[in-house]
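Residue numbering for the sequence shown follows the numbering used here, beginning at 4 and increasing consecutively.
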Amino acid sequence: MGPGMTEHGRQTLRRLGTQTRRDVSHAHMSDTKWRKLLSALDEAGFGRARIVVRFIDRPEPRVMTLPKRADLWPPRPYADSITVGPLELRAITWLELPTLARWPSGDGRPVPTVPQDMAHARAVLEALGRFPLEETEQGLRILGSSGRRSER
Numbered sequence: 004m005g006p007g008m009t010e011h012g013r014q015t016l017r018r019l020g021t022q023t024r025r026d027v028s029h030a031h032m033s034d035t036k037w038r039k040l041l042s043a044l045d046e047a048g049f050g051r052a053r054i055v056v057r058f059i060d061r062p063e064p065r066v067m068t069l070p071k072r073a074d075l076w077p078p079r080p081y082a083d084s085i086t087v088g089p090l091e092l093r094a095i096t097w098l099e100l101p102t103l104a105r106w107p108s109g110d111g112r113p114v115p116t117v118p119q120d121m122a123h124a125r126a127v128l129e130a131l132g133r134f135p136l137e138e139t140e141q142g143l144r145i146l147g148s149s150g151r152r153s154e155r
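Here it is as structure tokens:
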């Protein structure tokens with residue numbers, strides 16, 4: 004397995020569940036809620052959106068493309084991502100849709116900055132139901148969990 008890739012076997016899912024229960028005081032999102040949220044954003048035209056994701060078992064947030072509905076593999080508790088490989092939905096601490104997305108060209112050209120429609124994203128998510136949304140300086144953040152026990 005390459006760097007940055009994760010595995011999605013039962014042992015890994017158990018480990019992530021244990022780590023979440025140990026390290027986080029409140030889980031806001033389930034695998035089903037993440038699937039519902041990601042599917043709705045894809046269907047609303049955010050399929051090429053750039054997102055920033057913080058995973059419970061990673062020290063730094065990862066920049067990636069929003070997984071498409073077809074990448075969610077229900078009922079399995081993971082999504083496929085060309086950017087970071089398979090990712091466990093329950094491992095998402097937060098997911099952020101940045102107001103301005105940067106798309107690296109890979110060939111040394113200047114990196115274009117593309118605005119993403121936060122008002123439309125918020126409207127899509129609010130129409131689905133109650134999700135833990137918060138505005139940040141960078142964009143719209145959806146909380147998967149909160150209250151890190153180690154920060155108390």
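In this text, a Cβ means the ideal position worked out from N, Cα and C, and glycines have one as well.
- Distance check between glutamate 138 and each of Ala130, Ser149, Gln14, Arg125 places Arg125 closest, using alpha-carbon atoms only.
- Per the DSSP secondary-structure output, phenylalanine 58 pairs in a beta bridge with Ile95.
- Distance from the CA atom of threonine 35 to the CA atom of proline 115, rounded to whole angstroms, is 34 Å.
- The alpha-carbon separation between glutamate 129 and aspartate 45 amounts to approximately 15 Å.
- Rounded to the nearest whole angstrom, the C-alpha separation of aspartate 60 and leucine 75 is 20 Å.
- Assignment of glycine 48 by DSSP, reduced to helix, strand and coil, places it in the helix class.
- A Cβ-Cβ contact shorter than 7 Å links glycine 142 with proline 101.
- Burial is judged here by how many other beta carbons sit within 10 angstroms of a residue's own beta carbon; tryptophan 106 has fewer than 16 and is exposed.
- In the DSSP secondary-structure assignment, alanine 122 is not bridged to any residue.
- Residue range 65-68 is occupied by the beta strand (DSSP E) that includes arginine 65.
- Boundaries of the beta strand (DSSP E) harbouring glycine 142: 142-146, taken from the DSSP string.
- For the set Ser42, Arg144, Arg93, Pro62, the Cα lying nearest the Cα of arginine 18 is the one of Arg93.
- For leucine 136, the uninterrupted beta strand (DSSP E) run begins and ends at 136-138, by DSSP.
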